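> Numbering-wise, the sequence shown is residues 21 to 374 according to the working numbering.
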Amino acid sequence: MPEQPSRIPEMPEQRSRAGRATIRDVAREAGVSVTTVSHALNGKGTASEATRRRVLAVAERLAYRAHPMARGLRRGRTGVLGLDMRPLDAIGSYLPVGVDYFVRFAGAAAVTALDHGLGLMLVPDLTRPGIPTSAHGVDGYVIGDPVRDDQALARLLDAGVPVVTVGRDPGRPDFTDWVGSDDVHETQRVLDLMRQRGAERVAFIAGTDDNAWNVDAERAYRAWAGRHHLPVRVLRVPEATGEDGGRDAARQLLDGPKTRPDAIYCQTGRHAAGVLAEAQHLGVAVPRDLLLAAGSDAQQTRLATPGITALDLEPEETGKAAVQLLIARLNGEPATGPVYVPARLHERGSTGAR
21 MPEQPSRIPE MPEQRSRAGR ATIRDVAREA GVSVTTVSHA LNGKGTASEA
71 TRRRVLAVAE RLAYRAHPMA RGLRRGRTGV LGLDMRPLDA IGSYLPVGVD
121 YFVRFAGAAA VTALDHGLGL MLVPDLTRPG IPTSAHGVDG YVIGDPVRDD
171 QALARLLDAG VPVVTVGRDP GRPDFTDWVG SDDVHETQRV LDLMRQRGAE
221 RVAFIAGTDD NAWNVDAERA YRAWAGRHHL PVRVLRVPEA TGEDGGRDAA
271 RQLLDGPKTR PDAIYCQTGR HAAGVLAEAQ HLGVAVPRDL LLAAGSDAQQ
321 TRLATPGITA LDLEPEETGK AAVQLLIARL NGEPATGPVY VPARLHERGS
371 TGAR
């Protein structure tokens with residue numbers, strides 16, 4: 021049986037302080053890719069003998085030792101892929117009420133893996149201690165919505181583990197193995213719809229996770245408001261607060277009629293549902309007095325009265341595309357990232373649709 025380490029390797033900054041070399045250090049010193057280093061150390065791939073000897077010499081000089089996860093992978097394929105959904109790690113719940121995006125995504129990813137003869141294992145936060153030892157033995161990982169300079173992604177890259185993300189890591193512009201929507205374009209679509217329906221004071225409620233979905237949507241909102249010479253008003257509300265967070269934000273935004281927005285765009289469906297409930301409580305009619313839309317469809321947006329206009333981020337297509345890109349990387353097949361999955365805009369009663 022392959023060795024089963026008790027935990028994920030130390031965080032990169034800890035290794036740096038300890039002077040421990042990573043696989044990327046070896047690649048940089050040898051002037052080759054991380055994949056070439058991995059193949060050279062494991063006796064795989066098509067690298068020349070001269071390249072292999074150079075990599076081995078650099079690894080010896082730097083006293084490089086493979087991470088436990090990498091050692092497990094070196095012993096052969098397990099036929100299992102790993103999935104870590106970072107937004108759920110941040111929320112602290114893997115069953116957020118009303119949010120079916122993650123279930124739809126994971127289901128499609130699992131079926132796609134099965135269609136290729138592989139299994140899919142859902143894994144909790146890779147950065148926390150005491151994760152299951154089986155998490156070390158998968159062939160590669162899909163990381164959902166990494167935050168800036170995400171430590172789970174950093175550990176996998178440092179260990180030379182094949183990895184694909186859903187959405188980009190805002191702190192890693194050179195990492196292109198990701199799948200997801202064009203959040204700038206999709207945000208502009210919703211804002212343009214609101215303006216077409218007469219909105220002139222659009223407020224934006226973003227989440228607080230420092231991921232590309234929030235970062236790019238807020239950037240798109242600010243740029244859009246600037247182009248149309250419209251006021252900017254942004255609130256950042258933690259995703260974990262759900263509908264209660266939306267209610268609190270609505271009270272702040274709708275408190276005074278002189279400064280009251282005539283439209284609110286929420287990143288999450290749960291926040292949007294909370295805004296709708298509080299607006300109705302305050303006597304602000306949707307859509308007559310206030311247009312409302314969400315950047316992610318959910319049960320709350322579909323079942324609300326009136327229904328809340330929302331972007332369906334196509335989790336089934338995204339899950340399928342992420343697994344396909346990861347499998348291509350595992351098999352050494354040519355595949356170009358990023359892979360964009362267009363969202364579908366569902367117009368509902370909250371923006372005046374009938």
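Using N, Cα and C, we set each Cβ at its ideal position, and we do this for glycine too.
The structure presented is a predicted model; accordingly, all values stated were derived computationally and were not measured.
(1) Is Pro-358 closer than 7 Å to Thr-196 when the C-beta atoms are compared?
(2) Between the C-alpha atoms of Tyr-121 and Pro-335, what's the straight-line distance to the nearest angstrom?
(3) Would you mind sorting Thr-371 into buried or exposed? The rule is 16 or more other CB atoms within 10 Å of its CB.
(4) Taking just the CA atoms, how far does Pro-144 sit from Ile-151?
(5) Tell me the DSSP bridge mates of Arg-256?
(6) Distance check for Gly-315 and Val-343, CA to CA, integer angstroms please.
(7) Return yes when the Cβ of Glu-220 is within less than 7 Å of the Cβ of Arg-267, no when it is not.
(8) If I measure Cβ to Cβ from Ile-43 and keep anything under 6 Å in the same chain, skipping five residues before and after, which residues do I get?
(9) Confirm, please, whether the CB-CB distance from Ile-328 to Ala-18 is below 7 Å.
(10) Taking Cβ positions, are Val-257 and His-291 nearer each other than 7 Å?
(11) Name the two residues that bound the continuous alpha helix (DSSP H) containing Tyr-121.
(12) Quick check on this structure: which residue in Ala-324, Ala-313, Lys-64 and Ala-47 has the alpha carbon closest to the alpha carbon of Asp-212?
(13) Does Arg-124 pass the burial test, meaning 16 or more other C-beta atoms within 10 Å, or should it be called exposed?
(14) Relative to the C-alpha of Trp-244, which residue among Tyr-285, Gly-276 and Glu-259 is closest?
(15) Across which residues does DSSP place Val-183 in a beta bridge pair?
(16) Since His-366 is in the beta strand (DSSP E), which residue starts that stretch and which ends it?
(17) Could you say if the stretch 318-328 and the stretch 154-173 meet the contact criterion of at least three C-beta pairs nearer than 8 Å?
(18) Is it right to say Arg-106 is buried, meaning 16 or more other beta carbons lie within 10 angstroms of its own, or is it exposed?
(19) Closer than 7 Å by C-beta to Asn-234: which residues in its own chain qualify, once you throw out the five before and the five after it? Chain order, please.
(20) Should the stretch 98-105 be called in touch with the stretch 66-76, which here means at least 3 C-beta pairs below 8 Å?
(21) Counting Cβ pairs, one atom from each stretch, are 3 or more of them under 8 Å apart for the stretch 191-207 and the stretch 166-180?
(22) Which residues does DSSP list as the beta-bridge partners of Leu-312?
(23) Suppose the cutoff is 6 Å on Cβ atoms and the five residues either side in sequence are ignored; what does the same chain contact list for Thr-185 look like?
(24) Within 10 angstroms of its Cβ, does His-59 collect 16 or more other Cβ (buried), or is it exposed?
(25) What's the C-alpha gap between Tyr-161 and Asp-264?
(26) What span of residues does the beta strand (DSSP E) with Ala-297 cover, start to end?
(27) Please list, in chain order, all residues of the same chain as Arg-271 whose beta carbon is under 7 Å from its beta carbon, the five residues on each side excluded.
(28) State the CB to CB distance for the pair Gly-289 and Asp-317, rounded to an integer number of angstroms; the pair is presumed to be in contact (CB under 8 Å).
(29) Using a threshold of 7 Å, state whether the C-beta atoms of Leu-331 and Glu-206 are closer than that.
(30) Measure how close the beta-carbons of Gly-187 and Asn-231 come, nearest whole angstrom, since I'm counting them as under 8 Å.
(31) Can you tell me whether Gly-92 is buried or exposed, with buried defined as 16 or more other CB within 10 angstroms of its CB?
Taking the definition as stated:
(1) The sequence position of residue 196 within the sequence shown is 176, counting from 1. The sequence position of residue 358 within the sequence shown is 338, counting from 1. Yes, these two residues count as a Cβ contact at 7 Å.
(2) Position 101 of the sequence shown, counting from 1, holds the residue named residue 121. Position 315 of the sequence shown, counting from 1, holds the residue named residue 335. So the two alpha carbons sit approximately 6 Å from each other.
(3) Reading the sequence shown from its first residue, position 351 is the one you call residue 371. Counting Cβ neighbours within 10 Å, Thr-371 comes out buried, since at least 16 surround it.
(4) As a working mapping, residue 151 is identified with position 131 in the sequence shown. As a working mapping, residue 144 is identified with position 124 in the sequence shown. Approximately 7 Å, taken between the alpha carbons.
(5) Position 236 of the sequence shown, counted from the start, is the residue given in the question as residue 256. DSSP lists Ala-226 as partners of Arg-256.
(6) The sequence position of residue 343 within the sequence shown is 323, counting from 1. The sequence position of residue 315 within the sequence shown is 295, counting from 1. Each residue's alpha carbon lies about 24 Å from the other.
(7) Taking the first residue of the sequence shown as position 1, residue 267 is located at position 247. Taking the first residue of the sequence shown as position 1, residue 220 is located at position 200. Result no, Cβ atoms of Arg-267 and Glu-220 do not sit closer than 7 Å.
(8) Taking the sequence shown and counting its residues from 1, the one referred to as residue 43 is at position 23. Closer than 6 Å at Cβ, skipping near neighbours: Val-54, Val-57 and Gly-180.
(9) Outside the shown range of the chain (21 to 374) lies residue 18, about which nothing can therefore be said.
(10) Stepping through the sequence shown from its first residue, residue 257 is reached at position 237. Stepping through the sequence shown from its first residue, residue 291 is reached at position 271. Cβ atoms of Val-257 and His-291: closer than 7 Å.
(11) By one-based count along the sequence shown, residue 121 stands at place 101. Here the alpha helix (DSSP H) through Tyr-121 covers 121-135.
(12) Translated into the one-based positions of the sequence shown, residue 212 becomes position 192. For Asp-212, the nearest C-alpha among the options comes from Ala-313.
(13) Taking the sequence shown and counting its residues from 1, the one referred to as residue 124 is at position 104. Label assigned to Arg-124: buried.
(14) Along the sequence shown, one-based indexing puts residue 244 at 224. For the residues Tyr-285, Gly-276 and Glu-259, the minimum Cα distance to Trp-244 belongs to Tyr-285.
(15) As a working note, residue 183 is residue 163 in the sequence shown. Per DSSP, Tyr-161.
(16) Mapped onto the sequence shown, residue 366 falls at position 346. 364-366 is the extent of the beta strand (DSSP E) around His-366.
(17) no
(18) Position 86 of the sequence shown, counted from the first residue, corresponds to residue 106. Counting Cβ neighbours within 10 Å, Arg-106 comes out buried, since at least 16 surround it.
(19) For the purposes of this step, residue 234 is identified with residue 214 of the sequence shown, where counting begins at 1. Beyond the five residues adjoining it in sequence on each side, Asn-234 comes within less than 7 Å, by CB distance, of Ala-226, Gly-227 and Gln-287 in the same chain, given in chain order.
(20) no
(21) yes
(22) Stepping through the sequence shown from its first residue, residue 312 is reached at position 292. Looking at the DSSP assignment, Leu-312 forms a beta bridge with Ile-284.
(23) Position 165 of the sequence shown, counted from the first residue, corresponds to residue 185. Same-chain partners within the cutoff: Ile-163, Pro-166 and Trp-198.
(24) Position 39 of the sequence shown holds residue 59. Under this definition His-59 is a buried residue.
(25) Mapped onto the sequence shown, residue 161 falls at position 141. Mapped onto the sequence shown, residue 264 falls at position 244. So the two alpha carbons sit approximately 33 Å from each other.
(26) Counting from 1 along the sequence shown, the entry for residue 297 is found at position 277. Unbroken run through Ala-297 is the alpha helix (DSSP H), 289-301; no beta strand (DSSP E).
(27) Numbered from its first residue, the sequence shown carries residue 271 at position 251. So the list reads Glu-298, once near-sequence residues are dropped.
(28) Taking the first residue of the sequence shown as position 1, residue 289 is located at position 269. Taking the first residue of the sequence shown as position 1, residue 317 is located at position 297. Rounded, the Cβ-Cβ distance is 6 Å, consistent with contact.
(29) Working through the sequence shown from its first residue, we reach residue 331 at position 311. Working through the sequence shown from its first residue, we reach residue 206 at position 186. For Leu-331 and Glu-206, yes; Cβs fall inside 7 Å.
(30) Position 167 of the sequence shown, counted from the start, is the residue given in the question as residue 187. Position 211 of the sequence shown, counted from the start, is the residue given in the question as residue 231. Confirmed, about 6 Å.
(31) Translated into positions along the sequence shown, residue 92 becomes position 72. Interpretation of Gly-92 is limited by its pLDDT of 49, a score under 50 that renders its predicted location unreliable; no figure is taken from the coordinates.
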